[in-house]
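Have a look at the structure below, then the notes.
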Amino acid sequence: MFDSILVVCIGNICRSPTGERLLRKALPGIKIDSAGLGALVGEGTNPIAAQVAAENGLSLDGHCAQAFSSELAMQYDLILVMEKSHLERIKKNYPEASGKTMLMGHWQNQLEIGDPYKKSREMYQLVYTQLAQSTARWVLALKK
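Quick note on my numbering: the sequence shown kicks off at -8 and runs consecutively.
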């Protein structure tokens, strides 16, 4: 099993913090954090993402967005991204991390999890559901 997982999106205020907290809840004892390829460094979680998570029994309190970097990537065994474009960006800009980077939706036919930022509340709920399902699939795969 992997000892550490980094969950990555763009801003690190909606998808990746939610994925991080879902994985932390499901995999206690494993180092799990999140970052953004274009992070809004220092920002907390998007209020709608936090509200949707809370309605589903998940707290995003205390999150502070951080930027993805080579140095950060090297601290983790597995990097999970939301979209295929994120895979490509890491492959191009951080080749040393590309071999351990996979889609969060890997076990769901390479599902891409879209960015809900500045979209409807329904989109945030859809993204939460997709992240919860993806997390469950990763947990099954990692515990084998």
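Don't be surprised by glycine CBs; every beta carbon is placed ideally from N, CA and C.
Taking all protein chains shown into account, decide if Asn37 is buried (16 or more other Cβ within 10 angstroms of its Cβ) or exposed.
buried
N- and C-terminal bounds of the beta strand (DSSP E) containing Gly35
Element bounds for Gly35: n/a, residue is neither H nor E.
Using a Cβ-Cβ cutoff of less than 7 Å, which residues in the same chain neighbour Gly29 once the five nearest sequence positions on both sides are dropped?
Ile1 and Gly2
Same chain, Cβ closer than 7 Å to Ala58, five either side skipped, listed in chain order:
Ala26, Gly27, Ala30 and Val32
Among the residues of its own chain, which have a CB less than 7 Å from the CB of Thr120, if the five just before and after it don't count?
none
Starting from the N-terminal side, write out each stretch of the beta strand (DSSP E) that is 3 residues or longer and does not extend beyond the region 2 to 54.
22 to 27
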